Amino acid sequence: MDLLSFLKSKFGFSAFRPGQEEVIRSLLDGKDTLAMLATGTGKSLCYQLPAYLLDGSCIIVSPLLSLMQDQTEQMKMRGEKSVVALNSFLTGPEREAALAHLGAFKFIFVSPEMLHNRYVLGKLKTIRTALFAVDEAHCISQWGHDFRPEYLNLGEVRKQLGTPLTLALTATATEQVRDDICKYLGLKDPNRFIYSVNRPNIAIKIDRIPSYREKEEKLVAYAKNLQKPGIIYFSSKKAAEEMAARLRQEGIAEAAAYHSGIDQEQRILIQQQFIYGQIKIICATSAFGMGVDKADIRFVIHFHLPLQMEAYLQEIGRAGRDGLPSIAVLLYTEGDERLPLQLIEAELPTDAQLAAFSRWKGDLKEAGAALGCTEPQLRFLLHHRVLNLPEEAWTREVAAIRNERMAYKRRKLKEMVQMVRSSSCRRSEILRYFGEPPAAGNEACCDICGLETALYESNQKSGGTLETVPAWELLLQDLFRKGEQKWHEENRRI
DNA sequence: CGTGAGGTAATTATTTACCTCACGGTGCGATAAT
């Protein structure tokens, strides 16, 4: 099969990016496949292309509504009309119409929660599924155990659908997480295509700062001096808001905050303005980033400590997709691990909550409020209520599960802290975490190996070019970017 | 744990100093139907 000419005629690309062809051939051979490809290397092609060559529909499990909307829009722009996103954006009648003619769609995007709905799943069972693709598959492991438990149910969904050919896609997963993905999807001995997570053009810097106040000042200085655009990550909505306001006050740049507390429309607007260059700095929580496809982000700063290396890597990986030099800075003050620790603890129920829940006789919907649970805590309790045990035994049993999960999360945080405190090459530490060999020498590696921060500052170019580029040109650049991108990225098969 | 908001006392009246307390991230779907 001449895949290359098909690629050319259907998608207009003249060559595959690293990994794409192997993944596609694996699927066309009928093998379940796990693919870990660096961010922005065109993962969606890995399910789109084979879907055309297979008989039946392609179901794509996607974690975010905005991601589904973006993907369907892009496909429609390319001329593919046989696409639907089954989610709560559909009105009742729209949804009915879509469900009545599911088989007519080549591509069906759907959330794990929607797949949990028996009626929807029943409809999906009636059509021929050629390919079951799970996008951002690390979410299974990262979110499935508590935050979004429907993710753990995907294996059962897959079985219900008649165990179709399956593709799991991700950009960041350790060996253990990859095993988790296979386990929960019920993949037996899939082909695995694993590429390096290394992004050589992103320099890594970790600053140890004596106090919170000094950290703020340092951050403002970075925001002033570094080449923009950039993202600053916070673990608190309030801190993100306050810093955005402060940056505006100091007249540094067009700065805006982005977090889950901002209403949906406003969030979309801010993201668009950032992509088209009207906003230069985003002060964000972890809500920002997935699916943000902007090539020229020059810096990512962490004001707070991420909860795990995977999150850190994903967040810094949003810089420098154009292959140009970019920098990731993490500001660390002794004791910063307390905040993520707090967040972790609020995810799982306390002993008191477990005991109270085991004795709960009222309406389950009221239990959360009565016990003072956060939403993840309540989900955890509800998820485990099926264990048919007497009160005390149940409490003991579920407490053990909780403890194990808590220990796992603490371990992940500890690994993050160890990297930050370590005095060996940052890049090699990250690679080691993902089971890769150390970094091969790179002149702009990290603060340990030696780094010239001035290279990333905007006064290098006296004035910079971005300010003088008119908006229409940015728009054009963006359109071209979507068409053809060159990656100077080293993609090492391991 | 560290921050910020809000309260209270202090020996003079508006301000300061100190205390206590709450808070801290991520998203789907949301009625019923086969």
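Under UniProt numbering, the first residue of the first sequence is numbered 1, with each subsequent residue one higher. For every residue, glycine included, the Cβ atom is placed at its ideal position computed from N, Cα and C. Here the structure is a predicted model, which means the values were calculated and not measured.
DSSP-derived helix/strand/coil call for residue i
i           : result
Asp207      : strand
Tyr233      : strand
Met36       : strand
Arg411      : helix
Asn191      : strand
His101      : coil
Phe357      : helix
Tyr258      : strand
Tyr212      : helix
Tyr52       : helix
Thr468      : Only weak support exists for where Thr468 lies, its pLDDT of 44 falling under 50; the value from the coordinates is given anyway. Looking at Thr468 - three-state DSSP - the assignment turns out to be helix.
His304      : coil
Ser196      : coil
Ala287      : coil
Thr170      : strand
Cys446      : strand
Phe480      : With a pLDDT of only 45 at Phe480, under the threshold of 50, the placement of this residue in the model should not be trusted; the figure read from the coordinates follows. The answer is helix: DSSP assigns Phe480 an H, G or I state.
Leu86       : strand
Cys46       : helix
Phe109      : strand
Ser423      : coil
Val157      : helix
Ile401      : helix
residue 495 : In the structure as shown, the chain starts at 1 and stops at 494, and residue 495 therefore has no counterpart that could be examined.
Phe147      : coil
Ile297      : coil
Ser14       : coil
Glu345      : helix
Glu457      : strand
Val292      : coil
Leu4        : helix
Ile279      : coil
Leu226      : strand
Residue i vs residue j beta-carbon contact at 8 Å
i      : j      : result
Tyr222 : Val329 : yes
Gln20  : Leu54  : no
Asp297 : Arg318 : First, the residue type needs correcting, since residue 297 is Ile and not Asp in the sequence shown. Going by C-beta atoms, Ile297 is nearer than 8 Å to Arg318.
Phe303 : Lys215 : yes
Tyr233 : Ile327 : no
Asn87  : Leu121 : no
Glu347 : Gln308 : no
Leu343 : Ser235 : yes
Glu254 : Val220 : no
Phe109 : Met77  : no
Gly277 : Pro229 : yes
Met75  : Val83  : yes
6 Å Cβ shell around residue i - same chain, five flanking residues per side excluded
i      : result
Glu310 : Thr172
Ala356 : Leu371
Phe274 : Ile282
Asn225 : Glu457
Ser111 : Asn87
Pro164 : Thr129, Phe132
Residue range of the beta strand (DSSP E) that includes residue i
i      : result
Ala133 : 129-134
Val329 : 326-332
Ile268 : No beta strand (DSSP E) contains Ile268, which is instead part of the alpha helix (DSSP H) from 264-275.
Ile59  : 57-61
Close-in-space but distant-in-sequence residues of the same chain around residue i (CB under 8 Å, 5 per side omitted)
i           : result
residue 526 : In the structure as shown, the chain starts at 1 and stops at 494, and residue 526 therefore has no counterpart that could be examined.
Leu247      : Val220, Ala223, Ala253, Ala255, Ile281, Cys283
Glu345      : Met406
Where the alpha helix (DSSP H) containing residue i begins and where it ends
i      : result
Cys139 : 138-143
Ser26  : 20-28
Cys182 : 175-185
Ser66  : 65-77
Ile316 : 309-316
Gln377 : 375-384
Glu250 : Careful: Glu250 lies outside any alpha helix (DSSP H) and carries neither H nor E.
Glu366 : 364-371
7 Å CB neighbourhood of residue i in its chain, flanking five on each side removed
i      : result
Pro306 : Tyr312, Glu315, Met416
Leu4   : none
Leu479 : Here the model assigns Leu479 a pLDDT of 46, short of 50, so the residue's position is not dependable and the matter cannot be decided.
Handout entry: Three or more C-beta pairs below 8 Å linking the segment 314-322 and the segment 28-41
Key = yes
Practice task
Spell out a yes or no on whether the segment 282-293 and the segment 256-266 are touching, meaning 3 or more CB-CB pairs, one atom from each, closer than 8 Å.
Solution key: yes
Practice task
Check whether the segment 80-93 touches the segment 136-153, counting contact only when three or more Cβ pairs, one atom from each stretch, lie closer than 8 Å.
Solution key: no
Handout entry: Inter-stretch contact (C-beta, 8 Å, three-pair minimum) for the segment 398-409 and the segment 418-434
Key = no
Exercise for the section: Could you say if the segment 326-341 and the segment 203-210 meet the contact criterion of at least three C-beta pairs nearer than 8 Å? Expected result: yes
Exercise for the section: Tell me, please, whether the segment 147-161 touches the segment 115-124 by the rule of three or more beta-carbon pairs shorter than 8 Å. Expected result: yes
Handout entry: Meets three-Cβ-pair contact criterion under 8 Å: the segment 235-252 and the segment 359-367
Key = no
Handout entry: Three CB pairs or more closer than 8 Å across the segment 104-111 and the segment 50-67
Key = yes
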